[in-house]
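Worksheet: one structure, shown below.
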Amino acid sequence: MKSLRILNLHDNGIGKLEDIQSLCVCVNLVVLTLYDTPLSLKANYRHHTVNSIWSLKALDHHVIGDEEIIEDSLFSKRFTAMNPKLFVDLCPKQNEALNDRTLQSEMKTVRKILSDINRILVHGSPVVVIQRWVRGHLSRKALGISYMQVQERLRKLNFVPQTTPSGSQVDEVLSLDYDTYLKNRRPGSKTPSASTTMRAESPATRQSRESRDIKMGDSPLKILPTSL
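FYI, the numbering for the sequence shown is 1 to 228, going by the UniProt record's numbering.
If you want it as structure tokens, here you go:
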């Protein structure tokens, strides 16, 4: 019984909590099904089952959430018990007939169920999420890998989209900010005059502007006839 990992007890006449508490000797039991039993009709059967078998990770097609393990815990809706995101198929259908199934095919199904449970726990358990981030931070710190290096590596693998805004987006933001400034500026304020702007220019900027004006003045101007 110590090697037992998946146990299906649904569609049975189990109705006492004492029968479930005896399963605590199965130290590696990960998956248990009890739906469609008299015991599953009781209000707190899931709470008693989870706290009786500490090794459980999934019960009745739902991964056990941290809210069911940690007493008086308060999490967001995403991490609540029986959340749809915590659903897992514990009895997947197999294409082979019952007589054609082999040990290899059954073990493949077992590995798939355990893999699906671990995949859901990675994103559906706040404790596992915190542990994953802390371990990653400590590993990167020990290896001397910076956050920017990780981002650059993920961009090369197309895991992180480029967030640099395009030219049209920048122009739109700038024009919006300028229009908002003109609309909401204080009453009585004046737009800076040309002389004030010239005094604020640096010598290098003023020299560049004057040389540009001289070049424009040397070029001949063509006067086009106006149409009446």
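Even for Gly, the Cβ is constructed at its ideal location relative to N, Cα and C.
- In the DSSP annotation of this structure, V50 is not part of any beta strand (DSSP E); the continuous alpha helix (DSSP H) holding it starts and ends at 45-52.
- When only Cα atoms are considered, S55 and L4 end up about 11 Å apart.
- Here Y147 is exposed: its Cβ has fewer than 16 other Cβ atoms, across all protein chains shown, within 10 Å.
- Residue D116 holds the alpha-carbon nearest to the alpha-carbon of P92 among V129, E18, D116.
- Between the alpha carbons of D19 and V27 lies a gap of roughly 16 Å.
- In the DSSP assignment, V27 is bridged to no other residue.
- Residue environment analysis places E68 among the buried positions, since at least 16 neighbouring C-beta atoms fall within 10 angstroms of its C-beta.
- Take the alpha-carbon of L29 and the one of I6: they are about 6 Å apart.
- Residue state for N8 is assigned as strand, using DSSP reduced to three classes.
- Residues of the same chain with a CB within less than 7 Å of the CB of F87, apart from the 5 flanking positions on each side, are H61, H62 in chain order.
- Here the alpha carbon of H123 sits roughly 10 Å from the alpha carbon of R78.
- It is roughly 35 Å from the alpha-carbon of Q149 to the alpha-carbon of T80.
- Within the same chain, and ignoring the five residues on either side of Y45 in sequence, the residues whose Cβ sits closer than 6 Å to its Cβ are L39.
- Straight-line measurement puts the Cα of L90 at about 6 Å from the Cα of I113.
- Within the model, the alpha-carbon separation for V31 versus T49 is close to 12 Å.
- The continuous alpha helix (DSSP H) containing P126 extends over residues 126-143.
- The continuous alpha helix (DSSP H) containing D66 extends over residues 66-69.
- Here I53 is buried: its Cβ has 16 or more other Cβ atoms, across all protein chains shown, within 10 Å.
- In the three-state DSSP reduction, L121 falls in the helix class (H, G or I).
- Rounded to whole angstroms, E152 and S73 show a C-alpha spacing of 37 Å.
- Rounded to whole angstroms, the Cβ separation of L34 and H10 is 6 Å, and the two are in contact under 8 Å.
- In this structure, the alpha-carbon of L138 lies about 51 Å from that of N99.
- For the 9 Å CB-CB criterion, I70 and V127 form a contact.
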